[in-house]
Amino acid sequence: MSTQIHLDNSFLCKQVEDTDEVNPEFEALLDYLKYNRGCDLTSYKRSSLIRQVHKQMQSINIDTYQSYLEYLQGHPQEYLTLVDRVLINVTSFFRDREAWDQLAAQIIPKIIATKQPNEPIRVWSAGCATGQEIYSLLILFAEALGIEACLQRVRCFATDADEAALLQARQATYTSQDIIGIPPELLEKYFVQTKTGYVFHPELRRTIVFSVHDLTHNAPISKIDLLVCRNVLIYFNPQAQASVMARFHFALKNTGFLFLGKAESLLNSKQIFMPVNLTQRIYVKRQRLELDDYLSISPQPHEQQATNLLVIQNYLWENAFETSSCAHLAIDANSCLLYFNQQARTLFGLSYDDWKRPFQELELAKLISFNTFIKALRSRGKLTVLKNVEWTTQEGIKHFDIEISSVVTTSKHLLGATLTFIEKNDYQQLNEELESTRLELARVSKILEKTKSELSIAYKELESAHKELEIVEAFCM
Ligand SMILES: C[S@@+](CC[C@H](N)C(=O)[O-])C[C@H]1O[C@@H](n2cnc3c(N)ncnc32)[C@H](O)[C@@H]1O
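Residue numbering for the sequence shown is 8 to 484, as defined by this note's numbering.
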């Protein structure tokens, strides 16, 4: 594990500023989190994401993404710390008090007024962090309806992508620092002070369903009267924001309200919501949509089908690659190991620690001479086959045919290469040896044949010379 200790801030600051530039090392880090830890951070704004990763790296004195990736691979707990930092679950009760006052004065009475006396009211806090937001909402409904009616009618959903934050939210217990934003009369009415802290009203607490939910990936909760999603969208890139907005449009009832954070606006989003109180970021679902807006939020069957098909195809290819009886590897354009299948792991002892290692550093690189390897890479899409390569293992000697195929784009830009190791069993090996002996025998017997005919010519020449000699001798007598 090579963790460098020298902190070079200028290097990292430059990386943070250059958000438009794709940094391959940072992309590799995101790929690792996505494919190995199931944590897709690609919907987040790069600038703040890089800043958070940078802070985390600084806290453990690591100064390159490559070293940090290695550190993540060797320290499973680090992943949780990173996610915790990246998801930023800063929150408080009645955060931005004025907005909550407006919600209590304008919106909650409207929601109640449009309902029948016993009709349920559904509220969703999306990105609820450690729970202060949903408890603030519940207090406002309890104040408006009375605790009894609130218990009967209000159903709350509180979701977040951060499991650790949700765990705290479920406990509903807060420190004296946490409760600072709660007006004293509400604190007294809805909290009990215990040894462990201020505990929220247990019965009201049971009206809330907490669950892990990723706004950018999971299906929305439906039939919502009030959707509160504050200080979450600011972290998403514009595409992710638009897709979450379309989900929110679906989640809300026709009369439903959307309450966003102070720094969040819908200016860039399609006009699928109308402002009710622009200053406090309170919106209502727009029902008559322009065609463009309608299309932007409607499911698109063909595209969806195409995407599904692509996902299925990818899955099948991945499965075929993973379960193949041959060992397969793929390397990137820098000759670093990108993929390897089960058989490669077994045969060559590869593990996830080898991911992104330069191919030449791997033990199995000894099978292919450096020159051959470079030549094969430069062959621009052609297949290079190495026959009968020997590999000595603890179990004995194995033989492979190795196929190296460089992978290029249509404009011949090198993307990497795939390597296939076709292992030969004893029968094939024996057969091949037999074949080569047979060829050698044929070659030797050809030479023998040729020598024999040359000998016979020489013998004949000798014989005629002998006869000539005899004639000459007879004349001389
Ligand atoms: C700054 S906090 C806001 C908390 C609260 N809404 C507020 O305004 O006080 C942002 C929250 O969004 C959550 N979050 C980030 N990405 C998310 C995602 N993709 N899906 C759901 N929640 C997410 C974080 O875990 C964090 O708890």
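For glycine and all other residues, C-beta sits at the position ideal for the given N, C-alpha and C.
Item	Value
Rounded distance between the beta-carbons of F264 and L233, thought under 8 Å	5 Å
In DSSP terms, what E410 is bridged to	V392 and T427
Proximal residues to H208 (C-beta, below 6 Å), its chain only, five neighbours per side dropped	Y197
In DSSP terms, what A334 is bridged to	F428
C-beta atoms of D103 and K269 nearer than 7 Å	yes
Cut-off 7 Å between Cβ atoms - residues of its own chain near A465, not counting five sequence neighbours on either side	none
Short Cβ contact (7 Å threshold) for C343 with T427	no
Rounded separation between L285 and S358 - CA only	54 Å
Nearest residue (CA-CA) to K292, options E271, K260 and S272	K260
Under the three-state DSSP convention, the category K230 falls into	coil
Nonlocal neighbours in the same chain, by C-beta distance under 7 Å from S331, ignoring five residues either side	N348 and Q350
Sub-7 Å separation of D185 and G134 beta-carbons	no
Any non-hydrogen atom of ligand 1 closer than 6 Å to T223 Cβ	yes
Reference A424; option with closest CA among R387, A179, P116 and L354	R387
Identified DSSP bridge partners for Y205	Y181 and Q200
Other residues of its chain near N96: CB distance less than 8 Å, five sequence neighbours each side excluded	A136, T137, D167, D169 and A172
Distance between Q294 and Q123 (C-alpha atoms, nearest Å)	22 Å
Which of helix, strand or coil DSSP assigns to W107	helix
Cβ-based burial, Y72 [other Cβ within 10 Å; buried from 16]	buried
Rounded distance between the beta-carbons of F164 and W131, thought under 8 Å	4 Å
Which listed residue (L76, I338 and Q80) has its alpha carbon closest to that of P365	I338
Cβ neighbour criterion (16 or more within 10 Å) applied to F377	exposed
Cβ-Cβ distance between T182 and G153 below 7 Å	no
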